[in-house]
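Worksheet: one structure, shown below.
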Amino acid sequence: LTAALGASLPPMQQEVFPYAPLPIMVLTGGLASAAFALASYASLKALATSFAAGAVGAGLVGSILNAGLGPIVASAVAATVVGLAGGLLARRAVVPPIIVAVAGITPLVPGLAVYRGLAEIMAGQTLAAIDNLFTALVVGCTLAAGVTLGEWVARTLRRPRLPRRLRVRA
């Protein structure tokens, strides 16, 4: 449409956005998770647990990013911890672990990378667009794998111990 009108989109700036201070990341991460759980009609216990999971996940991502590691490593660690916490807190809070996990990774979803990638495609900056979209894809896969790994570890830790005489040998 802009080409038909004779206008062009301004080029995207290649500068890196500074991250918010860690306390703000923790608070807004918890609020985003609780808001997502509320929008999904979760119970009050699930809201509190989702707030805690989102705050911990955002705090971990902020700490790891401030340590100089990239968003992929930060997302992997945070998603694994959120999945583990969701699995372990599910029994205590009587909340399904999927609620805590999905709401907990909500602030970690790479929305800005997707937006920037699509905007760069529209501006004709193909290499920068591919970089941002590939980063978003890898972060999304990392979030899914991390949550799954965390829930699997939690399920392994919560497994009831069977007496020796009842154990089945394969």
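First residue of the sequence shown: -12, per our numbering; consecutive thereafter. Don't be surprised by glycine CBs; every beta carbon is placed ideally from N, CA and C.
Cα-Cα separation between residue i and residue j, rounded to whole angstroms
i	j	result
Ala21	Ala80	15 Å
Phe23	Ala88	11 Å
Ala39	Ala65	13 Å
Ala171	Ala90	Residue 171 lies beyond the residue range present for the chain, which begins at -12 and ends at 157; the question has no answer from this structure.
Tyr102	Ser(-5)	18 Å
Leu144	Ala100	35 Å
Gly55	Asn119	18 Å
Ser50	Leu9	7 Å
Leu95	Leu(-12)	33 Å
Leu14	Val82	22 Å
For residue i, the first and last residue of its enclosing alpha helix (DSSP H)
i	result
Thr15	Leu9 to Ala26
Thr93	Neither: Thr93 is in no alpha helix (DSSP H) and is coded neither H nor E.
From the options, residue whose alpha carbon lies closest to that of residue i
i	options	result
Ser62	Val48, Phe23 and Phe121	Val48
Thr122	Leu14, Gln112 and Pro58	Pro58
Pro84	Ala115, Leu71, Pro94 and Val60	Leu71
Val134	Asp118, Leu114, Leu75 and Gly104	Leu75
Burial state of residue i (16 or more Cβ within 10 Å)
i	result
Arg78	exposed
Leu37	For clarity, residue 37 is Ser in the given sequence; the question names Leu instead. Buried, by the Cβ-count rule.
Ala29	buried
Ala33	buried
For residue i, three-class secondary structure by DSSP
i	result
Ala33	helix
Ser62	helix
Pro84	helix
Tyr6	coil
Residue i beta carbon near the ligand MN (any heavy atom closer than 7 Å)
i	result
Ala66	Questions concerning the ligand MN fall outside what the structure shown contains, since it holds no ligand whatsoever.
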